[in-house]
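**Student:** Chains as they are written, first to last, in full-length UniProt numbering: chain A, 1 to 141; chain B, 1 to 141.
There are 2 protein chains.
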Amino acid sequence: MADNTIQQEINHAIIEFYERLSSWEQSVVRDQGVSLAQIHAVEILGAHGALRMKSLAEKLGVTTGTLTVLIDRLVNNGLVSRQAAEGDRRAIEVMLTDAGRKMFEEHDQLHLQLTKEMLVTLDDDECQQFLQFLKKINAAF
Amino acid sequence: MADNTIQQEINHAIIEFYERLSSWEQSVVRDQGVSLAQIHAVEILGAHGALRMKSLAEKLGVTTGTLTVLIDRLVNNGLVSRQAAEGDRRAIEVMLTDAGRKMFEEHDQLHLQLTKEMLVTLDDDECQQFLQFLKKINAAF
DNA sequence: CCATTTAATTTGAATATCAAACTATCTAAT
DNA sequence: ATTAGATAGTTTGATATTCAAATTAAATGG
Numbered sequence: 001m002a003d004n005t006i007q008q009e010i011n012h013a014i015i016e017f018y019e020r021l022s023s024w025e026q027s028v029v030r031d032q033g034v035s036l037a038q039i040h041a042v043e044i045l046g047a048h049g050a051l052r053m054k055s056l057a058e059k060l061g062v063t064t065g066t067l068t069v070l071i072d073r074l075v076n077n078g079l080v081s082r083q084a085a086e087g088d089r090r091a092i093e094v095m096l097t098d099a100g101r102k103m104f105e106e107h108d109q110l111h112l113q114l115t116k117e118m119l120v121t122l123d124d125d126e127c128q129q130f131l132q133f134l135k136k137i138n139a140a141f
Numbered sequence: 001m002a003d004n005t006i007q008q009e010i011n012h013a014i015i016e017f018y019e020r021l022s023s024w025e026q027s028v029v030r031d032q033g034v035s036l037a038q039i040h041a042v043e044i045l046g047a048h049g050a051l052r053m054k055s056l057a058e059k060l061g062v063t064t065g066t067l068t069v070l071i072d073r074l075v076n077n078g079l080v081s082r083q084a085a086e087g088d089r090r091a092i093e094v095m096l097t098d099a100g101r102k103m104f105e106e107h108d109q110l111h112l113q114l115t116k117e118m119l120v121t122l123d124d125d126e127c128q129q130f131l132q133f134l135k136k137i138n139a140a141f
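Here it is, written out as structure tokens:
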């Protein structure tokens, strides 16, 4: 475990990184008629595949009541579909429609462009190392 | 510049990291009677010091109209104060009050705890390297 | 069966958000 | 100096988002 000063510096660098990413994403989605929370749902469903409401709500950090309304809108916009879950008639699975997947892929491309800009000062080796760190960190939290 | 596959892997790792951080923060602030956007404003003002409305709106990724209402609430809650800016009578500077700084510091401590958990599998050298990468990335975007 | 828990929805109220219109002030060009 | 834009922030009116709490339907474990 690193000493406290380094941890604090990393903490602040992470917060700065997170704030900028939020700001970028907020600006990007405003021009697409989708809210930040909605695009997060699309991102998670795109990366993960079909999910139950409960599980998606946890991943988004919102209540299931909020998620019901959010998914209603995405369904009305043709981006998401609901389907009865196997083996538990209370549960609903939500998944991207073809249009939803298209939006996911377009949004993913925007992220990729941004990522490329971020990485512009790192060489191949450094990118590899950075990826390994990110993987370890994601696994730890 | 790294090859495309690595960039895509990093892109997805960044998105996953970002989604989890968002989810964590959303859950954390719900218990404190502050919205996500409000705590972002507090985080930015805490890290940066006083800012004009325009500049803060850009950093948050919201319109100035939205920010006016957001800051109204933070002022009513005693967390932020408004002050005429030097040299331009149209401009307003907003800054944290003592109570606002206290909230910032408490929230920062929560982030630090999370950061420590994330870093648990990295040794001192790796933390140093990771910090250097983050700094380069933040500088590039 | 029955009590309890769980998954999702609905409800009602408070907030948050946007675009567009507006006010006040600054800047530049004549 | 005057005036025509440009800029900073607020207000307005309409929608959208969010929560906690109540509700419905289904599962689980005595």
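Backbone N, C-alpha and C define an ideal beta-carbon position, used for all residues, glycine too.
With 16 other CB atoms within 10 Å as the buried threshold, where does residue 32 of chain B fall?
**Tutor:** Label assigned to residue 32 of chain B: exposed.
**Student:** Would residue 7 of chain A be called buried (16 or more neighbouring beta carbons within 10 Å of its own) or exposed?
**Tutor:** Result: buried.
**Student:** Got a sec, what are the start and stop residues for the beta strand (DSSP E) residue 89 of chain A sits in?
**Tutor:** From DSSP, residue 89 of chain A is part of no beta strand (DSSP E); its letter is neither H nor E.
**Student:** From this set, A/80, A/36, A/45, A/112, which residue's C-alpha is nearest residue 5 of chain B's C-alpha?
**Tutor:** Of the listed residues, the one whose Cα sits closest to residue 5 of chain B is A/112.
**Student:** Just to confirm, are residue 56 of chain B and residue 44 of chain B a CB contact at a threshold of 8 Å?
**Tutor:** Yes. Within cutoff.
**Student:** Just checking my contact of residue 71 of chain A with residue 94 of chain A at CB under 8 Å: how many whole Å lie between their CB atoms?
**Tutor:** That pair is a contact at about 6 Å.
**Student:** So if I threshold CB-CB distances at 8 Å, which residues from the segment 102 to 119 of chain A count as touching chain B?
**Tutor:** Answer set for the segment 102 to 119 of chain A: 108, 111, 112, 114, 115, 116, 117, 118, 119.
**Student:** Excluding the five sequence neighbours on either side, which residues of its own chain have a C-beta within less than 8 Å of the C-beta of residue 82 of chain B, listed in chain order?
**Tutor:** For residue 82 of chain B, where only same-chain residues beyond five positions count, the Cβ hits under 8 Å are 71, 75, 92, 93, 94.
**Student:** Any idea what DSSP makes of residue 51 of chain B, helix, strand or coil?
**Tutor:** Three-state DSSP puts residue 51 of chain B in a strand.
**Student:** Would you report the Cα separation of residue 90 of chain B and residue 65 of chain B, rounded to the nearest angstrom?
**Tutor:** Going from the Cα of residue 90 of chain B to the Cα of residue 65 of chain B covers about 15 Å.
**Student:** If we count the other Cβ atoms within 10 Å of its Cβ and call it buried at 16 or more, is residue 105 of chain B buried or exposed?
**Tutor:** Its Cβ having fewer than 16 others within 10 Å, residue 105 of chain B is exposed.
**Student:** According to DSSP, which residues form a beta bridge with residue 82 of chain B?
**Tutor:** Its beta-bridge partners are B/94.
**Student:** Around the C-beta of residue 42 of chain A, are 16 or more other C-beta atoms found within 10 angstroms, so that it is buried, or is it exposed?
**Tutor:** Classification for residue 42 of chain A: buried.
**Student:** Counting only Cβ-Cβ distances shorter than 8 Å, please list the residues of the segment 121 to 141 of chain B near chain A, keeping chain order.
**Tutor:** So the list reads 121, 122, 123, 124, 126, 127, 128, 129, 130, 131, 133, 134, 135, 136, 137, 138, 139, 140, 141, given in the order they occur along the chain.
**Student:** Taking just the CA atoms, how far does residue 60 of chain B sit from residue 118 of chain A?
**Tutor:** In a straight line, the C-alpha of residue 118 of chain A is about 19 Å away from that of residue 60 of chain B.
**Student:** Can you check whether the C-beta of residue 59 of chain B is within less than 8 Å of a C-beta belonging to chain A?
**Tutor:** Yes, because at least one Cβ of chain A sits closer than 8 Å to the Cβ of residue 59 of chain B.
**Student:** State the start and end residues of the unbroken alpha helix (DSSP H) segment that holds residue 32 of chain B.
**Tutor:** Neither: residue 32 of chain B is in no alpha helix (DSSP H) and is coded neither H nor E.
**Student:** Less than 8 Å separating the beta-carbons of residue 19 of chain A and residue 39 of chain A?
**Tutor:** No, they are not a contact pair.
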